Amino acid sequence: MAIAEDDIERLRDTVSLVDVVQGYLQLRRVGRNWVGLCPFHAEKSGSFNVREETKRYRCFGCGASGDVFKFVQEIEHLDFVGAIEHLANKVGMQLTYTSAGQGKDRQHRKRLIEVMNQAVEWYHERLLTAPDARPARDYLRERGLAGDVARQFKLGWAPDDWDQLAKGLGTPIEVLQEVGLAFVNKRGRPQDSFRARVMFPSFTDSGDAVAFGGRILPGSTDPAKYKNSSETTIYAKSKTLYGLNWAKASVVAADEVIVCEGYTDVIGFHRAGVTRAVATCGTALTEEHVRLLKRFANKVVLAFDADAAGQGAAERFYEWEKRYEVQVSVAKFPAGKDPGELASSDPAALVEAVTHAKPFLGFRLDRVLASEQLTSPESRSRIASQAMSVINEHPDKNVRTLYAGEVASHTGIPVADLVAVAARGSRAPQVSQPTPRASKASSYAGEFVAIALMIQEFNEIASYLIEPLFSDEVYRRAFVALTASEGDLNAALASADPDAREALERAAVADVDAKPISEAMNLVAAAVRRELAQRTKITDPAAIQLDRAARLRLEDLADPRRADEACSELLAWLEAVAIHEVVD
């Protein structure tokens, strides 16, 4: 843990979960709970519950649950430390890091990001106001990237000078070198890394500036059309997607993300009203990118020539589909057009291409089937062979079989022959998948109520409860976790197994209006009756006598004057039965 535990608990006590959630969605009070539409899945009736008393939330539609830190992690797509820092910044709390090294690292990273943010503003202001940026403004205007577009995406201009940025920021050269903004030239003087280029800043999904891409203007003699930031302490190409900071809300809402090749493609999609587009930054789509995207959506649409990389890329896409449970499809654009161009010339075609995107294998297969006219038996055989070669790259036999049917329809070759080829297939890497544990439920509501009351009023009910009262195995384990943590819900959740944790989450937001002692007495009575019903064949005289006493004591539970004493004796009897001190 990088942040002091005392700070985490202080922040937990300071921040209101209801207030935080209401920053993202509308809640209404229902009984003891606050209820609204779940932000994590589409629904028409509110099943998202927030409980002020327990500081927990749970959606009874999709199962999302947790505390205020988990909510911020999920809604902002941050790690645990990032969520704490996000909340601390909102309330103005200074955090203490338990490791001096970790604290220094995070402070250093924060300093580097501040410098990058300053550079973004410096380049942006130059584009908007500097006389030498007029050619850049004219170029962007011709491409439809001026005015509000330039402001939205913080486009900038790097002047054709040696060290204007380095002088303008007033930052030590060592820091500028570390983030790739400047270097020391042969004369031993600071020199800007980007010169005479339109600047496209890249941000993390949380909005931190980490890199730049610079494009030359038409007529430049520089052979490199684009120049991108090198990898730095704060920037990794394989983990960064241009535009994700602007697109993530739309991506989550649509459960779909569009992946492009360049900055202007992303901006083009936004101009066409399709705001869920991102781009790789000077690299091919990587597994790290897919892992990042999976945090936001289950569907990935490739808005570039996904077939160009060949079989190796295909195998990676199929493996990622399996491993991360994503659906990869490909948008087909009019020949010779990229998204940036279509945004100006035919935005409707851009929208249509994404709307009718085809599964990755289907897209590749269409390419093969359209590559040659079927003018002879030889051409039919050739196309069928090429098509089946593409199909057999897919690891799923059923998918191969279905696509084989399409090839048979197209070529006229008997479907049985092609299905046989598909059945043989080619061995693809097998990806193990975790098997989700089934959620258990109990038909005995009293046990659930007791768990909920333990969370809400532990000291009022805990002394009346023991393990044998719980016939449901999941609720029994939830009870054990709560008892071991002395009512600390977070500690109980940390120690509980998945099923018990799920029960605790439900109980934490349950709207239970009951008297703890009365509910405990009811649970004791139910447990005693249940146990007595199973002991009808007991023959030992001493055990029979104890069972008879238990039956008599059951009646005393209804008498306020004798209830406490009767409850204590019945709990002792249940414990004795449980550890076999009463011999059958």
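Counting with the numbering used here, you get residues 1066 to 1649 for the letters of the sequence shown. Just so it is clear, CB atoms sit at the ideal spot from N, CA and C, and this is done for glycine as well. Bear in mind the structure is a predicted one, so any value in this text is a computation, not a measurement.
Rounded straight-line distance, which links the Cα of Tyr1529 to that of Lys1364: Their Cα atoms are separated by approximately 51 Å.
Same chain, Cβ closer than 7 Å to Gly1126, neighbours up to 5 away in sequence not counted: The answer, listed in chain order, is Cys1103, His1106, Glu1108, Ser1112.
Integer Cβ distance of Arg1191 from Trp1222, believed to fall under 8 Å: Confirmed, Cβ separation roughly 5 Å.
Trp1385 beta carbon less than 8 Å from that of Glu1352: Result yes, Cβ atoms of Glu1352 and Trp1385 sit closer than 8 Å.
Unbroken beta strand (DSSP E) run spanning Arg1208, endpoints: Per DSSP, Arg1208 belongs to no beta strand (DSSP E) and is neither H nor E.
Test item: CB-CB of Ser1454 and Lys1423 under 8 Å: Taking 8 Å as the Cβ cut-off, Ser1454 and Lys1423 do not qualify as a contacting pair.
Distance, Gly1552 Cα to Ile1332 Cα: So the alpha carbons of these two residues sit roughly 52 Å apart.
Inter-residue Cα distance where the pair is Val1086 and Val1545: When rounded, the distance between both Cα atoms is 31 Å.
Lys1359 and Pro1460 closer than 8 Å at C-beta: The Cβ-Cβ distance between Lys1359 and Pro1460 does not fall below 8 Å.
Bridge-paired residues (DSSP) for Ser1394: Beta-bridge pairing links Ser1394 to Val1366, Pro1424.
Residues sharing a beta bridge with Gly1101, DSSP: Paired residues: Phe1113.
Gly1157 classed as buried or exposed, judged by whether at least 16 other C-beta atoms fall within 10 angstroms: Exposed.
Alpha-carbon spacing of Ala1400 relative to Val1083, whole angstroms: Approximately 52 Å between the Cα atoms of the pair.
Burial state of Leu1635 (16 or more Cβ within 10 Å): With a threshold of 16 other beta carbon atoms within 10 Å, Leu1635 meets it and is buried.
Through-space distance from Glu1570 to Ala1435, alpha-carbon basis: So the two alpha carbons sit approximately 54 Å from each other.
Nearest residue (CA-CA) to Ala1488, options Asn1463, Ala1517, Phe1535: Among Asn1463, Ala1517, Phe1535, the Cα nearest to that of Ala1488 is on Asn1463.
Reduced DSSP category for Arg1627 - H, G, I as helix; E, B as strand; rest coil: It is coil, neither helix nor strand.
Span separating the alpha-carbon of Ala1643 from that of Ala1517: Each residue's Cα considered, the two are about 24 Å apart.
First and last residue of the uninterrupted alpha helix (DSSP H) at Pro1533: Looking at the DSSP string, Pro1533 is not in any alpha helix (DSSP H), and its letter there is neither H nor E.
Bounding residues of the alpha helix (DSSP H) (the contiguous stretch that carries Trp1311): Run containing Trp1311: 1309-1319, per the alpha helix (DSSP H) assignment.
Distance, Arg1199 Cα to Leu1205 Cα: Going from the Cα of Leu1205 to the Cα of Arg1199 covers about 10 Å.
Burial state of Pro1237 (16 or more Cβ within 10 Å): Of the other Cβ atoms in all chains shown, fewer than 16 fall within 10 Å of the Cβ of Pro1237; this residue is therefore exposed.
Any non-hydrogen atom of the ligand GDP closer than 7 Å to Gly1221 Cβ: Annotation note on the ligand GDP: not contained in the displayed structure, which lists no ligands.
Alpha carbon of Ala1413 to alpha carbon of Gln1229, nearest angstrom: Whole-angstrom Cα-Cα distance: 42 Å.
Pick from Leu1554, Ile1531, Val1539 that is closest to Glu1522, judged by C-alpha positions: Comparing Cα-Cα distances from Glu1522 to each of Leu1554, Ile1531, Val1539, the minimum goes to Leu1554.
Distance CB(Gly1278)-CB(Phe1265) smaller than 8 Å: In contact: Gly1278 and Phe1265 (Cβ atoms closer than 8 Å).
Nearest-angstrom Cα separation, counted from Asp1287 out to Val1343: Cα to Cα, the separation comes out at about 27 Å.
Buried versus exposed, by CB contacts within 10 Å (16 or more), Arg1094: Result: exposed.
Which of helix, strand or coil DSSP assigns to Leu1597: For Leu1597, the three-state secondary structure derived from DSSP is helix.
C-alpha gap between Arg1077 and Trp1187, whole angstroms: For Arg1077 and Trp1187, the distance between alpha carbons rounds to 38 Å.
Environment of Asp1330 [buried if 16+ CB atoms lie within 10 Å]: Counting every other CB atom within 10 Å of its CB across the protein chains shown gives Asp1330 a total of 16 or more, marking it as buried.
Distance between beta carbons of Val1317 and Phe1361, contact taken as under 8 Å: With a contact defined as Cβ atoms closer than 8 Å, Phe1361 and Val1317 qualify at about 5 Å.
Burial state of Ile1609, where buried means 16 or more other Cβ atoms lie within 10 Å: By the neighbour-count criterion, in which 16 or more other beta carbons inside 10 Å mark a residue as buried, Ile1609 falls on the exposed side.
Close beta carbons around Val1486, own chain, < 6 Å, minus the five adjacent residues each side: Closer than 6 Å at Cβ, skipping near neighbours: Met1453.
Distance CB(Phe1259)-CB(Lys1292) smaller than 8 Å: For Phe1259 and Lys1292, yes; Cβs fall inside 8 Å.
Proximity winner among Leu1467, Thr1476, Leu1415, relative to Glu1437 (alpha-carbon distances): Of the candidates Leu1467, Thr1476, Leu1415, the residue whose Cα lies closest to the Cα of Glu1437 is Thr1476.
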